[in-house]
Amino acid sequence: PPPPLTTPVPPAGMTTYVNAVHRWTIAYPGKTWPPNGSNPAHVTFSPVDNSSGFYVDWLGQGHSTTLNDFVDAILASQQQSDIKNGLTRKIDSRETISLPNNVSAVDVTWELPDYKGRYVFIFMGDHEFIIDAETYIAQWNSLNPTFDKMIKSFTAQ
Numbered sequence: 001p002p003p004p005l006t007t008p009v010p011p012a013g014m015t016t017y018v019n020a021v022h023r024w025t026i027a028y029p030g031k032t033w034p035p036n037g038s039n040p041a042h043v044t045f046s047p048v049d050n051s052s053g054f055y056v057d058w059l060g061q062g063h064s065t066t067l068n069d070f071v072d073a074i075l076a077s078q079q080q081s082d083i084k085n086g087l088t089r090k091i092d093s094r095e096t097i098s099l100p101n102n103v104s105a106v107d108v109t110w111e112l113p114d115y116k117g118r119y120v121f122i123f124m125g126d127h128e129f130i131i132d133a134e135t136y137i138a139q140w141n142s143l144n145p146t147f148d149k150m151i152k153s154f155t156a157q
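Residue numbers for the sequence shown, in this note's numbering: 1 to 157.
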């Protein structure tokens, strides 16, 4: 059996969510952003006012051989879906970031006409995750710092 899952101490004002099935943790803003973990492969955190969404998806393994291949494949699939739905998603930035436990990820900021978000792609060989944080453009500047804290707290083992 795998070793016990380490639960990091969350930043001040945050609570730690533990997904024991897919072996990851994340800090979130407690009661104001209740998690829904009924499907351990797709966990949602939404503020009680439903002004935004924050999702952690576990995709399993074997979809790609490198982090950049993983990102390129998912973004191409998203683009096809957007075209089919008559949407044009603008990619504002794409950068490699470092998460706890020396895990590399790619953080992509995107924009639709009324919505803005971030996809964070995590590739750990036998685990592939996507974090999706999104809200209305008018709320982006106030919510992105919370998204950032949550993203930077993500650990997988």
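Note that CB positions come from ideal geometry on N, CA and C, so glycine has one too.
Selection 102, 137 and 25 evaluated against residue 131 yields 25 as nearest (Cα-Cα).
In this structure, DSSP gives residue 87 a state outside helix and strand, which the three-state scheme calls coil. The C-beta distance from residue 27 to residue 149 rounds to 7 Å, short enough to fall under 8 Å.
The count of Cβ pairs closer than 8 Å, one atom from the stretch 90-98 and one from the stretch 106-116, reaches three, so the stretches are in contact. Taking the Cα positions, residue 19 is about 19 Å away from residue 47. A contact between stretches requires three or more CB pairs, one per stretch, nearer than 8 Å, and the stretch 56-76 meets this requirement with the stretch 129-146. Listed in chain order, the non-local C-beta contacts of residue 5 below 8 Å within the same chain comprise 18, 20, 23, 25 and 157, local neighbours out to five positions each way being set aside.
In this structure, residue 126 sits away from residue 80, with a CB-CB distance that is not shorter than 9 Å.
When secondary structure is reduced to three states using DSSP, residue 30 falls in the helix class. If you draw a straight line from the Cα of residue 102 to the Cα of residue 151, it is about 14 Å long.
For residue 19, the uninterrupted beta strand (DSSP E) run begins and ends at 15-19, by DSSP.
For residue 147, the uninterrupted alpha helix (DSSP H) run begins and ends at 140-153, by DSSP.
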